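Trainee:
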Ligand SMILES: [Zn+2]
């Protein structure tokens, strides 16, 4: 008899794989089920297609984590792109292959690296050249959190993948097979339709990591999973999954052939009835779909006036022109510094301590607005100013947090959009405030970028985006993350209208912010900024057990690795943006 793997609940005599039995599992149990090692993987699913042949093969590290094949379904040409999260779905074979350290290294725990996404982008381009429907199979615990992947630009490679899917002129389908977690998965779900296996999960952060943020311990992962609503079924209810593919009674890993047949039926029907190769129709349908993604609410105008006002976070010097030195300032010899600092010197270094590199302030959205557009030229859009965050999950403490943050920042949400003028030229500007829940990317941000982009197109003016934030907002679960491709589609609409897009990347720009709007347009990097990339320094150090190198994820480090060409001091922003938008249009 075959050696099989059993999750703890599978050993329970009362558990019988019926629909009811699975429904009764804890949210964490459902999570575990979604990546049961014997669930079919991409290389199992390709057997449902005809004339399958591998393409874009490479020996590069990571290329096997996203594989690509030409194929046909009912005679229609297909490009298959699949995340293959491990060597096999046969448990005996899996155990055997994992005895070899080189195989373990090759499969990298199912976490794609920049080369994996480069392969995906090439396949998307090839599909357009060869007029193939793109079908993507998604299964990953997340993208690779290492310094090496950051040095190879993982944030921008994931951004390129979402960008390519937003622009490609062939129909695109994604299918979540097992576990689709974090930016590593969202890279591949910015498609025209997202399908999911009945027992798969679609989530922004692992329940363990969510638990450690929420409760300061990894042991309350089930509560974190329940609060985040991580199953694809819940994603379907929230409108981020279009179609659930039924699994046989007794799920995919015990009934592989029936599962594959179920997937084939759904895909065949979609490909035969809904695949249209007219580029204009494809893009119009795509825009229609993404327009509807996300949830938000409109705040009452009288409530808005009670807190809405510009806030600055820049230090104000004493009459002497000096500000208090930050606490715990030590030089490299371990000497502590106490003396006040001249504001002129601080402005010169863009508020970074010249002794130890500590950042004095993270400027507010209004500070960036004042740096970027001409004095008094900014007027907030009526179309976006009432859009407020919605607590769709009933996430613990979210509503209270929003209220408190609105009072503190004077903003309705993390983003403010408006019309402005740069040295006499009209622009639309979207500014983000790190003070608003860490600037985290959420559904309201996606919607604000969407509307601002439409305004830029209506007025035929450039779109300027200032990015800041530590990632996607956990309190909105996976829906926050699905707003990232929405922003990409919005930006593609602006570019398709022939209008310039300029993005300012500030401290910090990580995760969902980096792979979203920050990876688009002509990128400017704020002078002396740090914390720019995909995974944060702490996550990487925890995962690898090693300290990151000096200057890690600063603009100079990014430049050294070829990811930051234009590094701009705030005082020069207006002139530089003007020169970029003047040269076009
Ligand atoms: Zn210092």
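Numbering (my numbering), first residue to last: 16 to 600. Cβ coordinates follow ideal geometry from the N, Cα and C atoms, glycine included. These figures come from a predicted structure and were not determined experimentally.
Considering only residues of the segment 190-264, which uninterrupted alpha helix (DSSP H) runs meet the minimum length of 4 residues and lie entirely inside it, listed in chain order?
Mentor: Taking only runs of at least 4 residues, the alpha helix (DSSP H) segments lying wholly in the segment 190-264 are 197-201, 222-230, 236-243, 247-252.
Trainee: Within a Cβ cutoff of 6 angstroms, which residues of the same chain sit near residue 229, ignoring the five residues on either side of it in sequence?
Mentor: Locating residue 229 in the chain shown gives position 214, where the first residue counts as 1. For residue 229, where only same-chain residues beyond five positions count, the Cβ hits under 6 angstroms are 239.
Trainee: At a cut of 8 angstroms, does the segment 476-489 reach the segment 525-539 through at least three beta carbon pairs?
Mentor: Enough Cβ pairs lie closer than 8 angstroms, so yes.
Trainee: To which residues of the same chain is residue 16 closer than 8 angstroms at the C-beta, ignoring the five residues directly before and after it?
Mentor: Here residue 16 corresponds to residue number 1 of the chain shown, with the count starting at 1. In this prediction, residue 16 scores a pLDDT of 44, lower than 50, which makes its location untrustworthy; no coordinate-derived value is stated.
Trainee: Within the same chain, show all residues whose beta-carbon is closer than 7 angstroms to that of residue 89, passing over the 5 residues directly before and after it, in chain order.
Mentor: Reading the chain shown from its first residue, position 74 is the one you call residue 89. Same-chain partners within the cutoff: 283, 286, 287.
Trainee: What did DSSP end up calling residue 324 once you bin it into helix, strand or coil?
Mentor: Counted from its first residue, the chain shown places residue 324 at position 309. Here residue 324 sits in coil by DSSP.
Trainee: Between which residues of its own chain and residue 223 is the CB-CB distance below 7 angstroms, once the five residues before and five after are set aside?
Mentor: Taking the chain shown and counting its residues from 1, the one referred to as residue 223 is at position 208. Contacts found: 233, 236.
Trainee: Pull up the CB-CB distance for residue 55 and residue 192, whole angstroms please, since I reckon it's below 8 angstroms.
Mentor: Sequence index remark: in the chain shown, residue 55 carries index 40 (1-based). Sequence index remark: in the chain shown, residue 192 carries index 177 (1-based). Confirmed, Cβ separation roughly 7 angstroms.
Trainee: What residue ranges within the segment 349-381 form continuous alpha helix (DSSP H) runs of no fewer than 4 residues, ordered along the chain?
Mentor: Within the segment 349-381, the complete alpha helix (DSSP H) runs of at least 4 residues are 358-363.
Trainee: Check whether the Cβ atoms of residue 434 and residue 490 sit closer than 8 angstroms, and answer yes or no.
Mentor: Numbered from 1 along the chain shown, position 419 holds the residue referred to as residue 434. Numbered from 1 along the chain shown, position 475 holds the residue referred to as residue 490. No.
Trainee: What's the gap between the Cα of residue 258 and the Cα of residue 186?
Mentor: For the purposes of this step, residue 258 is taken as residue 243 along the chain shown, with counting starting at 1. For the purposes of this step, residue 186 is taken as residue 171 along the chain shown, with counting starting at 1. One C-alpha to the other measures close to 16 angstroms.
Trainee: Go ahead and label residue 360 buried or exposed: buried means 16 or more other beta carbons lie within 10 angstroms of its beta carbon, across all protein chains shown.
Mentor: Looking up residue 360 in the chain shown gives position 345. The residue in question, residue 360, is exposed, as its Cβ has fewer than 16 Cβ neighbours within 10 Å.
Trainee: Considering only heavy atoms of ligand 1, does any lie closer than 7 angstroms to the CB of residue 225?
Mentor: Along the chain shown, one-based indexing puts residue 225 at 210. No.
Trainee: Could you give the distance in angstroms between the alpha-carbon of residue 140 and the alpha-carbon of residue 336?
Mentor: The residue you call residue 140 lines up with position 125 of the chain shown. The residue you call residue 336 lines up with position 321 of the chain shown. Spanning the two alpha carbons is a distance of roughly 56 angstroms.
Trainee: Going by DSSP in three states, residue 150 sits in which element: helix, strand or coil?
Mentor: The residue given as residue 150 occupies position 135 in the chain shown. Strand at residue 150.
Trainee: Residues in the same chain with beta-carbon distance under 8 angstroms from residue 278, minus the five sequence neighbours each way, listed in chain order, please.
Mentor: Position 263 of the chain shown holds residue 278. So the list reads 60, 63, 190, 212, 260, once near-sequence residues are dropped.
Trainee: Which residue marks the beginning of the beta strand (DSSP E) containing residue 444, and which one marks its end?
Mentor: Numbered from 1 along the chain shown, position 429 holds the residue referred to as residue 444. Residues 440-447.
Trainee: Use the C-beta contact count for residue 331: other C-beta atoms within 10 angstroms, 16 or more gives buried, fewer gives exposed.
Mentor: Here residue 331 refers to the residue found at position 316 when the chain shown is read from its first residue. Classification for residue 331: exposed.
Trainee: Is residue 370 near ligand 1 - that is, is its Cβ less than 7 angstroms away from at least one heavy atom of it?
Mentor: Working through the chain shown from its first residue, we reach residue 370 at position 355. Yes, Cβ of residue 370 sits closer than 7 angstroms to a heavy atom of ligand 1.
Trainee: May I ask you to verify whether the segment 519-527 touches the segment 547-560, counting CB pairs closer than 8 angstroms and requiring at least 3?
Mentor: Touching, yes, given that three or more Cβ pairs across the two stretches are closer than 8 angstroms.
Trainee: Smallest Cα separation from residue 513: which of 429, 598, 520?
Mentor: Position 498 of the chain shown, counted from the first residue, corresponds to residue 513. When only C-alpha atoms are compared, the closest one is 598.
Trainee: Give me the Cα-Cα distance between residue 304 and residue 370, rounded to the nearest whole angstrom.
Mentor: Position 289 of the chain shown, counted from the first residue, corresponds to residue 304. Position 355 of the chain shown, counted from the first residue, corresponds to residue 370. Taking the straight line joining both Cα atoms gives about 51 angstroms.
Trainee: Work out the CA separation of residue 582 and residue 100 for me, nearest whole Å.
Mentor: The count along the chain shown starts at 1 and reaches residue 100 at position 85. The count along the chain shown starts at 1 and reaches residue 582 at position 567. One C-alpha to the other measures close to 37 angstroms.
Trainee: Let me confirm a value: residue 160 is counted as buried when at least 16 other C-beta atoms fall within 10 Å, else exposed. Which label applies?
Mentor: Stepping through the chain shown from its first residue, residue 160 is reached at position 145. It is buried - the Cβ of residue 160 has at least 16 other Cβ atoms within 10 Å.
Trainee: Can you have a look at residue 29 and say buried or exposed, based on whether 16 or more other CB atoms are within 10 angstroms of its CB?
Mentor: Counting from 1 along the chain shown, the entry for residue 29 is found at position 14. Exposed.
Trainee: Helix, strand or coil: how does DSSP classify residue 336 here?
Mentor: Taking the chain shown and counting its residues from 1, one reaches residue 336 at position 321. Three-state result, residue 336: coil.
Trainee: Identify every run of the beta strand (DSSP E) within the segment 476-561, keeping only runs that are complete inside it and at least 3 residues long; order them along the chain.
Mentor: DSSP runs (the beta strand (DSSP E)) wholly in the segment 476-561: 478-484, 516-524, 537-541.
Trainee: So what does DSSP say about residue 174, is it helix, strand or coil?
Mentor: Taking the first residue of the chain shown as 1, we reach residue 174 at position 159. Residue 174: helix per DSSP, three-state reduction.
Trainee: List the residues that DSSP assigns as beta-bridge partners of residue 92.
Mentor: Stepping through the chain shown from its first residue, residue 92 is reached at position 77. Partner(s): 87.
Trainee: Buried or exposed for residue 57, please, with buried defined as at least 16 other CB atoms from any protein chain shown within 10 angstroms of its CB.
Mentor: Taking the chain shown and counting its residues from 1, the one referred to as residue 57 is at position 42. Per the 10 Å Cβ criterion, buried.
Trainee: Are the Cβ atoms of residue 48 and residue 214 separated by less than 8 angstroms?
Mentor: Position 33 of the chain shown, counted from the start, is the residue given in the question as residue 48. Position 199 of the chain shown, counted from the start, is the residue given in the question as residue 214. For residue 48 and residue 214, yes; Cβs fall inside 8 angstroms.
Trainee: Are residue 95 and residue 86 touching if we call contact CB-CB under 8 angstroms?
Mentor: Taking the chain shown and counting its residues from 1, the one referred to as residue 95 is at position 80. Taking the chain shown and counting its residues from 1, the one referred to as residue 86 is at position 71. Yes; because the gap between Cβ atoms is below 8 angstroms, this pair is in contact.
Trainee: Identify whether residue 19 lies in helix, strand or coil by the three-state DSSP scheme.
Mentor: Indexing the chain shown from 1 puts residue 19 at position 4. In this structure, residue 19 counts as coil in the three-state DSSP scheme.
Trainee: Can you tell me which of 386, 255, 133, 339 puts its alpha carbon nearest to the alpha carbon of residue 593?
Mentor: Against the chain shown, residue 593 aligns to sequence position 578. Per the Cα distances, 386.
Trainee: Using only the alpha-carbon positions, how far apart do residue 508 and residue 390 sit?
Mentor: For the purposes of this step, residue 508 is taken as the residue at position 493 of the chain shown. For the purposes of this step, residue 390 is taken as the residue at position 375 of the chain shown. Roughly 29 angstroms separates the two Cα atoms.
Trainee: Could you compute how far the alpha carbon of residue 266 sits from the alpha carbon of residue 248?
Mentor: Translated into the one-based positions of the chain shown, residue 266 becomes position 251. Translated into the one-based positions of the chain shown, residue 248 becomes position 233. Those two C-alpha atoms are separated by around 14 angstroms.
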